[in-house]
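Chains as they are written, first to last, in the working numbering: chain V, -10 to 377; chain W, 484 to 786.
Using N, Cα and C, we set each Cβ at its ideal position, and we do this for glycine too.
Notes follow once the structure below has been shown.
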Amino acid sequence: MTQATGSGQVEVASVTKRFGESVAVKELSLTIPHGAYCCLLGPSGCGKTTILRMIAGHENPTTGDVRIGGRSVVGLPQVERGTAMMFQSYALFPHRSVLDNVAFALKVRGVGLPARHNTARELLAKVQLEKFANRLPSELSGGQQQRVALARALITNPKVLLLDEPLSALDEYLRLRMRGELRRVQKELGITFVHVTHTQLEAIAVADMVVVMAQGRIEQAASARDIFVAPRNAYVARFVGGQNVLSGTVESTMNGTAAVAGDKGARFAFPVGDIRPTRGSKLYGSIRRDRIGVEKVPPGAKPAGGLNSTVGEVHTLENQGSYVKVTIDLDNGEEFVAHVPDDAFFRSPLDIGDKVEARWSASDVMLLDDGPIALEPAAAEARVASGD
Amino acid sequence: MTSIEHAAALLEEQAPPAENAGERASWWQVAPMVAVLTLFFGLPMLVVLVVSFFDFDRSDIIPAFILDNYVELFTREVTLRLYASSLKFALIVWAITLLIGFNIAYFLVFHVRGLLVQIGLFLLCTVPFLTSNIIRMISWIPFLGRNGIFNQALQGAGITNAPLEFLLFSDFAVVVAYVHLFTLFMVVPIFNAMARIDKSLLEASRDAGAGRVRTVFEVVLPLSRTGIALGSIFVITLVMGDSFVVRTMSGGQSASVVSALQNEVAALQYPPAAASAVIMVIIVTLMVAGILRLVDVRKELAR
């Protein structure tokens, strides 16, 4: 089964999906290039699984089109789409041996017993399970079952493999190993993978392309690196989790830097590039957790204050090995997280309840695209062009 | 209804073994059931077994140990005919109830969306059971009779000129009544087994390219086999143990093993009746054992 180049490209074109009254997916458009590993990332109920099921043909869009390799597949049976799905619970047939599970799609296609068992055995060898060919799925461990599910999905040489939370049923150790394995298989086969997950680090670890979703819409679709270092808006910054979100009103703009006044007298500098936001407009920015220095404020002393700093009380400390996660309750009630490198932290350790000041450098702040920002018209277009 | 009780007893034996920690407690839990079964099933069966070897005359049963009752039972030509007739009914009714029951269960489990609707329809299935078996069966008579509603409707619609004679007091009527009475016994266990099938298995099958029908045969049917086995046990033992339906609905033209046995009891010929009962229990037990051999109910239920 050879496929023309580009045939694994998945296009979701202004798709809306309603279930009765509720709207699962709203006017969503997305193009996943052929051979990409794409993660749909979002909290439960954001519509990511619905998208996956519409690509698989287990649901049909209420309006809009789904195209695979340029051909509309709405209403087509699964076989004609060139897709295969790996289910969250693996959905292995409990009454069939591992070998027959893997060979099932070929059986349905009328391939004879010796031929389909040979092909299935080859695939089982690929996932290192040939020894277990005659066992029942219930006699395998979770990780092994998952590999059987992978082999079963791959037996039809799909152009697109759809994975619905494939790692969620595994324990931490296996999850880390399997996600590397999935990535390796995808590179080896060169087919498109669409992987649904609610785990940020999983998406960033495996994907070429991460699509962050919320409430049936795409918040950002970009490379894994961009999602992490350059979130488009506050939602993505908060959900992906490596960032703190800052906000305030513009006081002045000078040389590509806006002076922003936050709550309780905090003042930030936002690099704004070519944009000239009007005075008084609200701006959002993000600062990476690992670009923040935390200093203890001795009791009785006044914090140094000034630009690009905020003051609060240490709420929790979590040692993560190479860094310590410091969660700070800000004076305005918000939460601020800093990842302090272990050596820096243990040189002058903090305690829960300590009054601290967090500082960062203005050049590390990223401008977020949130809410209606009053912009000067020419600059607004420039921002859109540079933003993507 | 000894055969049904026996099936129940067999299933009792199939219960999963107690775990070591709570073993003593679980013995106490089964104790009441054991007591009831011993008292009301074990002892009477023992009495029947003993009596089946007794001698008898016009008015008395005489304690003895003779094989005459069995010898006569096996040499009578009518025995074979009765068993053949009962087995024939059991087989036909089993096939029809399986077909109907499987489809009803499939519809309820896979087509009805919403748990509330599902439960509502399921309860609807049980509504006929609020009336007695006898009334439900007798009500077929005015419907199927020579001048019954069905014949009148057929003639009124010009489909037939004369009333159809085979509708009532015939094998047909017997089968109709059995199917009506026993289909639910097939629906419930199959429904139970099907409800436990992970819906994503059906999607996985569709994903592999199997159509709806193929999916039923490749996935749903094999995974419903516990329910099918239990339903089959119910239906087959009920039909084999019946005398009333066959006698009423055939208008006395057909007899079953049990109705022959009842005649002997009515004539106070207890020892041959007991011998007949013993053989009957053995045969039905073998049938149930055969079904349980095909499907490991215990393993499947523990799944």
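Top-ranked residue by Cα proximity to residue i, from the options
i	options	result
F179/V	V315/V, Y26/V, R227/V, P338/V	The displayed chain sequence assigns Gly, not Phe, to residue 179/V. Closest option to G179/V, Cα to Cα, is Y26/V.
D215/V	R206/V, V200/V, G205/V	V200/V
D263/V	A247/V, E208/V, F257/V, L118/V	A247/V
S78/V	A645/W, L704/W, I617/W, E686/W	E686/W
L235/V	M243/V, A258/V, V55/V	A258/V
Q189/V	E170/V, A226/V, G205/V, L159/V	A226/V
K6/V	V149/V, H184/V, Q117/V, V55/V	V55/V
M770/W	L627/W, I719/W, Q638/W, S542/W	I719/W
V239/V	V149/V, D252/V, R268/V	R268/V
V1/V	S11/V, F8/V, G46/V, H304/V	G46/V
K682/W	I711/W, F605/W, V703/W, F557/W	V703/W
A192/V	G342/V, R136/V, E324/V, D153/V	D153/V
L627/W	T643/W, Y553/W, F652/W	F652/W
C35/V	R98/V, T51/V, S11/V, V97/V	S11/V
F593/W	G734/W, A678/W, F727/W	A678/W
V315/V	L150/V, V283/V, R164/V	V283/V
A691/W	G(-3)/V, R60/V, A80/V	A80/V
T768/W	L721/W, S742/W, G735/W, T643/W	L721/W
I281/V	G274/V, A290/V, P330/V	P330/V
V68/V	G132/V, A142/V, P50/V, H187/V	A142/V
G301/V	K344/V, G289/V, F334/V, P338/V	K344/V
R629/W	G597/W, M763/W, A645/W	A645/W
Beta strand (DSSP E) segment containing residue i, residue limits
i	result
D318/V	312 to 319
T145/V	No beta strand (DSSP E) holds T145/V; DSSP gives it neither H nor E.
H304/V	298 to 308
E16/V	11 to 21
I207/V	206 to 212
R7/V	-1 to 8
A712/W	First-last for A712/W: 708 to 723, but that is the alpha helix (DSSP H), not the beta strand (DSSP E).
V234/V	232 to 243
Through-space distance from residue j to residue i, alpha-carbon basis
i	j	result
S535/W	A758/W	4 angstroms
A656/W	P625/W	12 angstroms
A122/V	T108/V	12 angstroms
A547/W	F537/W	5 angstroms
Q(-8)/V	S18/V	Low per-residue confidence applies at Q(-8)/V: pLDDT is 42, beneath 50, and the placement is therefore not dependable enough to give any value.
L412/V	E307/V	The question about residue 412/V has no answer here: the residues shown for chain V are numbered -10 through 377.
S212/V	R221/V	12 angstroms
H328/V	V313/V	6 angstroms
L156/V	A194/V	13 angstroms
G245/V	R265/V	8 angstroms
K176/V	T666/W	55 angstroms
G376/V	P32/V	Because the pLDDT of G376/V is 38, which lies under 50, any placement of that residue in the model is unreliable, and the number read from its coordinates should be weighed accordingly. Answer to the nearest angstrom: the Cα atoms are 25 angstroms apart.
T698/W	L129/V	24 angstroms
M(-10)/V	P147/V	Any answer about M(-10)/V is weak, because its pLDDT of 40 lies below 50 and its placement is not dependable; what the coordinates show is given next. Cα-Cα distance, rounded: 9 angstroms.
V63/V	H304/V	51 angstroms
R689/W	I40/V	18 angstroms
A368/V	G237/V	Reliability of the predicted coordinates at A368/V is poor, the pLDDT of 41 falling under 50, and the value obtained from them is presented with this limitation in mind. If you take the alpha carbons of A368/V and G237/V, they lie about 20 angstroms apart.
L565/W	V100/V	49 angstroms
F612/W	R98/V	45 angstroms
T38/V	H23/V	20 angstroms
E560/W	A567/W	11 angstroms
V87/V	V137/V	7 angstroms
L591/W	E324/V	50 angstroms
N-terminal and C-terminal residue of the alpha helix (DSSP H) that residue i is part of
i	result
R42/V	37 to 45
H106/V	102 to 115
P515/W	506 to 520
T698/W	695 to 698
F325/V	First-last for F325/V: 324 to 330, but that is the beta strand (DSSP E), not the alpha helix (DSSP H).
R227/V	223 to 229
L532/W	526 to 534
Cβ-Cβ separation, residue j to residue i (assumed contact under 8 angstroms), whole Å
i	j	result
A738/W	V748/W	Contact flag wrong, Cβ pair sits at about 14 angstroms.
V(-1)/V	V286/V	With a Cβ gap of about 53 angstroms, V(-1)/V and V286/V do not count as contacting.
T299/V	A347/V	5 angstroms
V576/W	V658/W	6 angstroms
G701/W	A712/W	Residue identity check: residue 701/W is Glu in the sequence provided, not Gly. Incorrect: roughly 19 angstroms between the Cβ atoms, too far for contact.
G231/V	R278/V	6 angstroms
V261/V	L356/V	6 angstroms
- Query: Where are the alpha helix (DSSP H) runs, 4 residues long or more, that stay fully inside the segment 252 to 277 of chain V, in chain order?
  - Reply: none
- Sequence ranges, beta strand (DSSP E) only - wholly within the segment 56 to 96 of chain V, length at least 3: 72 to 75
- Task: May I have a chain-ordered list of the beta strand (DSSP E) segments no shorter than 3 residues that lie completely inside the segment 545 to 596 of chain W?
- Result: none
- Query: Counting only runs that start and end within the segment 727 to 772 of chain W, where is the alpha helix (DSSP H) found for 4 or more residues in a row?
  - Reply: 727 to 732, 740 to 749
- In the segment 151 to 202 of chain V, which residue ranges form an unbroken alpha helix (DSSP H) of at least 4 residues, counting only runs that do not cross its ends? 161 to 178, 189 to 195
- Item | Those runs of the alpha helix (DSSP H) which lie wholly inside the segment 622 to 682 of chain W and span at least 4 residues | 623 to 627, 632 to 639, 654 to 678
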